[in-house]
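Here is the structure we will look at, set down as structure tokens.
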Amino acid sequence: MNGEQLRKKTSSGGIVYGTMLSTGRNPRWSQAISAFGLDYVIIDTEHAPRSRAEVADFLAAFTYSGVVPIVRIPIPASHYVTMYLDAGAQGVLAPYCETVDQVKEVVAAARWRPLKGALADRVIETGELPSEATRAYLENRNKNNVCIIG
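Just so you know, we're using our numbering here: the sequence shown kicks off at 2 and counts up by one.
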């Protein structure tokens, strides 16, 4: 399964199964977890002390095993969204989104990366992009990204 398939399944009312990794530090666990038949796993970086390299190892292992890797970012900020998507996450869980601006920032980063700043703001507010070719490129590039607002 990939992020796009996970989104489509939940959008059509399907049931998906997953878990959150908070304390496991060895990516070898991904093989055992994959055998459980899970659709996704959330890798916690909010409460767990994980380096970017450790997270990247988990992301590669879960992607290879067909389990959608989602990262719970420490704060709702576009920097963390793009950092983990660039590392191979197929989604982010943004905790404690308390304002509309935080939600817009996280969604823009997940849906329209690598756009940033005023251009990303314009896309979120109006849906306008520089061209239809840009839209097609960004939609294809980000089609596997799952964005969960907490």
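Backbone N, C-alpha and C define an ideal beta-carbon position, used for all residues, glycine too.
By alpha-carbon positions, which one of the options ends up nearest to residue i?
i, options, result
"T46", "N3, M21, G4 and P131", "M21"
"A110", "P50, Q91 and A78", "A78"
"Q103", "P115, G89 and I76", "I76"
"T135", "N145, P115, I149 and A119", "P115"
"H48", "R142, L94, R112 and A62", "L94"
"Y18", "S35, E126, N27 and L139", "S35"
"G151", "N145, R73 and L130", "R73"
"A57", "D87, R123, T127 and V82", "D87"
"G67", "R53, N3, R51 and L120", "N3"
Is DSSP giving residue i helix, strand or coil here?
i, result
"D193", "Not covered by the structure: residue 193. The range shown for the chain is 2 to 151."
"G19", "strand"
"A134", "helix"
"I149", "strand"
"H80", "helix"
"T100", "coil"
"A49", "coil"
"R29", "coil"
"L60", "helix"
"K117", "coil"
In whole angstroms, give me the CA-to-CA distance for residue i and residue j.
i, j, result
"I43", "I71", "5 Å"
"G25", "E133", "43 Å"
"G89", "A61", "7 Å"
"F37", "V107", "30 Å"
"R8", "Q91", "11 Å"
"T11", "I125", "23 Å"
"G118", "R142", "19 Å"
"S13", "W30", "31 Å"
"W113", "E55", "26 Å"
"E5", "R53", "24 Å"
Tell me, please, which residues DSSP counts as bridged to residue i.
i, result
"R142", "None; R142 has no bridge partner."
"I71", "I43 and G92"
"I34", "DSSP output for I34 lists no bridge partner at all."
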